[in-house]
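Following: one structure in structure tokens, then a few remarks.
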Amino acid sequence: MLSVSLLYCFDKESNEYLPLIFIAISFVAFEIINLFYNLSLHNVSENEKRGLISNLGWATGYLGGLLSLISVLAILSLTELNDYKVFGQSIFLLIGPFVGLWTFVFGLKHINNYKNKVFKIVNFSSFFKNIKINSINKFFVSYFFFNNAVICIFAFASMIASFLFGFSEKEILKLGIFINLFGIIGCLSLGKIEDRVGSEKIVLTCIVFLLLITFTLYFINDTKIFWLLSLMIGFFIGPIQAASRSVLAKKLKSENQLSAFCVYSMFGNICSILGPFLVSLVISISSDIRQGLLVIPLFFVISLLPFVKTNV
Numbered sequence: 132m133l134s135v136s137l138l139y140c141f142d143k144e145s146n147e148y149l150p151l152i153f154i155a156i157s158f159v160a161f162e163i164i165n166l167f168y169n170l171s172l173h174n175v176s177e178n179e180k181r182g183l184i185s186n187l188g189w190a191t192g193y194l195g196g197l198l199s200l201i202s203v204l205a206i207l208s209l210t211e212l213n214d215y216k217v218f219g220q221s222i223f224l225l226i227g228p229f230v231g232l233w234t235f236v237f238g239l240k241h242i243n244n245y246k247n248k249v250f251k252i253v254n255f256s257s258f259f260k261n262i263k264i265n266s267i268n269k270f271f272v273s274y275f276f277f278n279n280a281v282i283c284i285f286a287f288a289s290m291i292a293s294f295l296f297g298f299s300e301k302e303i304l305k306l307g308i309f310i311n312l313f314g315i316i317g318c319l320s321l322g323k324i325e326d327r328v329g330s331e332k333i334v335l336t337c338i339v340f341l342l343l344i345t346f347t348l349y350f351i352n353d354t355k356i357f358w359l360l361s362l363m364i365g366f367f368i369g370p371i372q373a374a375s376r377s378v379l380a381k382k383l384k385s386e387n388q389l390s391a392f393c394v395y396s397m398f399g400n401i402c403s404i405l406g407p408f409l410v411s412l413v414i415s416i417s418s419d420i421r422q423g424l425l426v427i428p429l430f431f432v433i434s435l436l437p438f439v440k441t442n443v
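First residue of the sequence shown: 132, per the numbering used here; consecutive thereafter.
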């Protein structure tokens, strides 16, 4: 909260490296909070309902994103005639404090839940033995690759919309709003059946659909079809993340949860670098954004291999 709020103190004339330090601190803090948030799934739900609860949690997260995007869009519209300024200050300087306040209001209750909680870190040899018995190691391999694809979708969505389909900043914001809305619908829809059919089968279903959708993106030029495919991506991208969390929460004992979600978080951070790097590399070599797009379905294809081997 403090690190992002301090971004208010910097503008285009400020030192360009100091704000990056605060952004880096905020990312580290977010990952730590997110780790304990994922851990809480094991405590707030019974095993047979963890798929539903995980999806409800993810849907609520999308709702928060939806409300924040609507707020930003409203502020942009209200200040457009005034050169995006309030009381002589650029509204873009208020983004950091806005994020800090939003986090404080909606995160304080969660932080208080862990005030006196003590976690025991298990022996890593015991942990790796446990995940091998439960086939979690193979799931982690799959997760690493499909999460690369998911990260790339988030990282390049606005660039694809802008450069390939000519979307303005406001249109990109509106697209983000509707993608979040369909993310909520997807989580609520698939969350109802996840505990019945199994979390891994939901993950597999989402991988297949996201593979087909992202591959189709390579061939289209029509804006309406792009809108349709984007909303379909929103529908499946929420449940795949929620179901991934459920797999770990369901299959591992409570003493292994912290170690598992540490690995889960570590893979997520590696993916945030590797996936976008590979897409950027292909775009740089080919000088074609569409060629870079093909990396995303390729990640999904590779992520299917562990499922095929284990007959999930």
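Ideal placement from N, C-alpha and C gives every residue a C-beta, glycine not left out.
### Message
One question on the structure: do L360 and L348 come within less than 9 angstroms of each other, judged by their Cβ atoms?
### Response
yes
### Task
Would you mind working out which of E331, S289, K269 sits nearest E300, comparing C-alpha positions?
S289
#### Entry: Local conformation of K355 per DSSP, three classes
helix
### Task
Mind the definition here: the stretch 157-173 touches the stretch 270-281 only if three or more C-beta pairs lie below 8 angstroms; say whether that holds.
no
### Message
Please list the terminal residues of the continuous alpha helix (DSSP H) segment that includes K301.
### Response
300-328
### Task
Name the residue from L212, I222, G231 whose alpha carbon lies nearest to the alpha carbon of I156.
G231
### Message
Below 8 angstroms, how does it come out for the stretch 326-342 and the stretch 395-403: are there three or more Cβ pairs, yes or no?
### Response
no
### Query
What is the DSSP secondary structure of K216, reduced to helix, strand or coil?
strand
### Query
In angstroms, rounded to a whole number, what distance separates the CA positions of G219 and V203?
18 angstroms
### Task
Can you tell me which of F346, G365, F357, Q372 puts its alpha carbon nearest to the alpha carbon of G314?
G365
#### Entry: S202 in three-state terms, based on DSSP
helix
### Task
Could you tell me which uninterrupted alpha helix (DSSP H) segments, each at least 4 residues in length, are contained entirely in the stretch 266-300, listed from first to last along the chain?
267-290
### Query
Going by other Cβ atoms of all chains shown within 10 Å of its Cβ, with 16 needed for buried, is N387 buried or exposed?
buried
### Three-state secondary structure assigned by DSSP to S221
strand
#### Entry: Residue range of the unbroken alpha helix (DSSP H) whose run includes N178
That residue, N178, is in no alpha helix (DSSP H); it is neither H nor E in DSSP.
### Contacts around L312, its chain only, beta-carbon distance under 7 angstroms, and the 5 residues preceding and following it disregarded
L197
### Query
Do Q372 and V281 have their C-beta atoms within less than 9 angstroms of each other?
yes
### Query
Below 8 angstroms, can you find three or more Cβ-Cβ pairs linking the stretch 349-357 to the stretch 401-410?
no
### Query
For S145, does the three-state DSSP call read helix, strand or coil?
coil
### Task
Let me know if E331 comes out buried or exposed under the rule of 16 or more other beta-carbons within 10 Å of its beta-carbon.
buried
### Message
So F277 and I316 are supposed to be a Cβ contact under 8 angstroms. How far apart are they, rounded?
### Response
Not confirmed; about 21 angstroms, so no contact.
### Message
Spatial neighbours of L172 within its chain, please: C-beta separation below 8 angstroms, excluding the five flanking residues on both sides.
### Response
R181, I184, S185, G188, R376, S377, A380
### Task
Return helix, strand or coil for Y395, following the three-state DSSP convention.
helix
### Task
With DSSP as the reference, label L151 as helix, strand or coil.
helix
### Message
Looking at L321: is its Cβ nearer than 9 angstroms to the Cβ of A374?
### Response
yes
### Query
Using DSSP with H/G/I as helix, E/B as strand and the rest coil, what is K384?
coil
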